[in-house]
Amino acid sequence: MNDFSQIDEDKNINKKIFRIPFMDQEELGNFLFYIHLVYEHVFNGHVGAPIHGKLQYGAKALQFGCDTGVWVTEVAAEYPNTEFYAVDFNISASNTGDDNITFIKCDILQKLPFPNDEFDYVFSRDKFLFFEKDSFYDYSTEILRILKPGGWLEVGYLLKHEINSGPVSKLMIDAWQSWLKSHNIVKDFMENFERYLQETGKVESMSHQLVKVPIGGSYAFGEFTSEICICYLKNAKYYLAPFMNISFEEYDRLACISESEMRAKDCDMSYQLKKIIARKKIPNSKEN
353 MNDFSQIDED
363 KNINKKIFRI
373 PFMDQEELGN
383 FLFYIHLVYE
393 HVFNGHVGAP
403 IHGKLQYGAK
413 ALQFGCDTGV
423 WVTEVAAEYP
433 NTEFYAVDFN
443 ISASNTGDDN
453 ITFIKCDILQ
463 KLPFPNDEFD
473 YVFSRDKFLF
483 FEKDSFYDYS
493 TEILRILKPG
503 GWLEVGYLLK
513 HEINSGPVSK
523 LMIDAWQSWL
533 KSHNIVKDFM
543 ENFERYLQET
553 GKVESMSHQL
563 VKVPIGGSYA
573 FGEFTSEICI
583 CYLKNAKYYL
593 APFMNISFEE
603 YDRLACISES
613 EMRAKDCDMS
623 YQLKKIIARK
633 KIPNSKEN
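In structure tokens form, the structure reads like this:
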């Protein structure tokens, strides 16, 4: 496994774009791993795009935003003949000796350090919250730039919450969404991302999968996802409490009530995860 550092630490950039409020790195790593497990469970595996044969034979793939490197490490082990790259602001993945993975630390808000038409497969998950509205379309353009004609794009993300019970939980999730909006992170482009891709005229064979993930309730999976949500809300205290104009003590009190609501057997909460898969068009001779 290679580890190249392309930029120095930039605390100002990280402060601006880092939307996962964990002070403890071990707890952050656990949280991201649990989110990974949820995605793998509800979407039945690592790779949804119809590119398994090519990955098995040998291709070039990129994970845009690798977090702790769990996804790319597992997929690289499954497809040892494929050359994998992973980029992110900070690289926390450890050196495991995987020769077919290259981690690159770079500012993913800027132009990526790859030539045009470089990858057969580009995978990205839960990176929309890192992009303000003004820079979101640059993200889309950049991903399509580095994808080969005929290559596959796969993007997964949190679409929305549905809180039908638990007024305090709804209050806190609404506050979180308002906080994102105050930082110019709005839901419109998440909800319309599929349409935007279509309007670029650069993709074809596009499909999507939408899954409803329960929070709490009487099933084991709902209990597991509720623990993830509770963990996030508790760690969000240091930016949500000031935004809500309440004390940390009051925030803790609300978080405890929200926890009880999520643990209730009659809990009626969920969130939707969406996955979009599309192939980059191969230009015909008239377009060349």
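Heads up, the sequence shown stops at 640 in my numbering, and the numbers go up one at a time, no gaps. Just so it is clear, CB atoms sit at the ideal spot from N, CA and C, and this is done for glycine as well. Since we're looking at a predicted model, the values are computed, not measured.
The residues W504, E506 and I629, in chain order, have a CB closer than 6 Å to that of A401 in the same chain once the five nearest residues on each side in sequence are set aside. Contact between K512 and Q561 is ruled out by a C-beta separation of about 15 Å, above the 8 Å threshold. As the crow flies, the alpha-carbon of L380 is around 10 Å from that of Y386. Using a Cβ distance threshold of 8 Å, E470 and K412 count as a contacting pair.
The segment 612-628 and the segment 510-530 touch, with three or more beta-carbon pairs separated by less than 8 Å. If you draw a straight line from the Cα of W531 to the Cα of Y590, it comes to about 12 Å. The continuous alpha helix (DSSP H) containing D526 extends over residues P519 to S534. Between E556 and K633 the beta-carbon gap is near 5 Å, inside 8 Å, which marks them as a contact. In this structure, L384 lies near D419, with their beta-carbon atoms less than 8 Å apart. It is roughly 14 Å from the alpha-carbon of R615 to the alpha-carbon of L585. If you check the CB distance, Q408 and N433 come in under 8 Å. For I628, there is no enclosing alpha helix (DSSP H); the residue is part of the beta strand (DSSP E) that begins and ends at M621 to K632.
Contact between the segment 599-613 and the segment 519-529 is present, with at least three C-beta pairs closer than 8 Å.
Just so you know, the alpha carbons of H404 and Q377 end up roughly 33 Å apart. Within its own chain, the residues whose Cβ lies closer than 6 Å to the Cβ of N468, once the five positions on either side in sequence are excluded, are R497, listed in chain order. When rounded, the separation of the alpha-carbon atoms in Y437 and Y473 is 10 Å. It is roughly 22 Å from the alpha-carbon of K479 to the alpha-carbon of M524.
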